[in-house]
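Using my numbering, the first residue of the sequence shown is number 87, and each one after it goes up by one.
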Amino acid sequence: MGLQDIKDRVTKAEAEAGRAPGSVTLIAVSKVQPLERVEAVLDAGQRIFGENKVQEAAGKWPDFMERYSGVELHLIGPLQSNKTRAAVELFDAIHSVDRLKLARRIADHAQELGRSPDIFIQVNTGEEPQKAGILPTETDAFVAECRALDLPVRGLMCIPPVDETPSLHFALLAKIAARNGLEGLSMGMSGDFEQAIALGATHVRVGSAIFGERDYG
Ligand SMILES: *Cc1c(COP(=O)(O)O)cnc(C)c1O
């Protein structure tokens, strides 16, 4: 089980970047993992988890939440508009807000339910046509629109293109966040979370390095 190793590496990366201990939140990405592995990580004390799909999360987390107190769930995958209500009910944060229609729905359901998840706006820093996220040039306007809806916008999120140097994308995301007065930076995964921390990540999303490889078979 890699949890302690990853926590140690996060602590070391914080120190090397001259950042305060505990300034980076480790999100353990449990999508697709067998329940025993998730349970082992819960038993080891981890309480902050990331999931990609509303349905998958709704299938396993209510049970775990009855047995373990203080669980915090982050939605890190694309959100379809018709699953927004369930997402607002289940998640403490949504990292994939990237269009106005979705932002409006989240705001409506948040009002109706009297609670809102923390909002991270996903930016398509690599401007990849197949990838979710708002374009860098459209991000400032979109942040303003989300704020006008009274959504608690905490920061930005990105997933760099697989074949490019991630630090360039992390630096770009940090720059866009800074000019918008946003403190949250959701960036960095198993292969690059230390680089992300060096460039200001406040939330790293680490899956396989904690749980082992995902078996999609
Ligand atoms: C799956 C996933 C992760 C975790 O990826 P690993 O490489 O297993 O750490 C992080 N962020 C997002 C958006 C993901 O979909």
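Note that CB positions come from ideal geometry on N, CA and C, so glycine has one too.
Everything numeric in this text was worked out from a predicted model, so none of it was measured.
Among residues of its own chain, excluding the 5 on either side of residue i, which ones have a beta-carbon nearer than 8 Å to its beta-carbon?
i	result
L165	V140, A173, I180, S182, V183, L188
P222	V209, N210, T211, E213, L258, I262
I56	The structure shown does not extend to residue 56, since the chain spans only 87 to 303, so no value can be given for it.
If you drop the 5 nearest sequence neighbours on each side, which residues of the same chain put their C-beta closer than 6 Å to that of residue i?
i	result
M297	Reading off the sequence, residue 297 comes out as Phe, not Met. Answer for F297: Q119, R123, listed in chain order.
G136	I113, V115, H160, I162, R291
Q204	Just to set this straight, residue 204 is Asp in the shown sequence, not Gln. Excluding residues within five positions, the ones whose Cβ falls inside 6 Å are A179, P238, R240.
E280	A99
By Cβ distance below 7 Å, which residues in the same chain neighbour residue i in space, the five residues on each side in sequence not counted?
i	result
V110	V96, E100, I283, A287, T288, V290
E175	L199
L128	F150, Y154
Consider the C-beta atom of residue i and the heavy atoms of ligand 1; say whether any pair is separated by less than 7 Å.
i	result
V248	no
M275	yes
A143	no
S116	no
R291	yes
E155	Here residue 155 turns out to be Ser, not Glu, going by the sequence shown. False, no ligand heavy atom lies under 7 Å from that Cβ.
A287	no
A99	no
I305	A question about residue 305 goes unanswered here, because the residues of the chain that appear run from 87 up to 303.
By a C-beta neighbour count over all protein chains shown, 10 Å radius and 16 as the cutoff for buried, is residue i buried or exposed?
i	result
P246	buried
T251	exposed
G274	buried
R133	exposed
D278	buried
For residue i, is the beta carbon positioned less than 7 Å from some heavy atom of ligand 3?
i	result
N138	In the structure shown, ligand 3 is absent; the only ligands present are ligand 1.
Would residue i pass as an interface residue toward chain B - the criterion being a Cβ-Cβ separation below 8 Å?
i	result
E137	Looking for chain B here will not work: only one protein chain is present.
In the stretch 104 to 135, which residue ranges form an unbroken alpha helix (DSSP H) of at least 4 residues, counting only runs that do not cross its ends? You should have 121 to 129.
Alpha helix (DSSP H) runs contained entirely in the stretch 239 to 291, provided each spans 4 or more residues: Taking only runs of at least 4 residues, the alpha helix (DSSP H) segments lying wholly in the stretch 239 to 291 are 252 to 265, 279 to 284.
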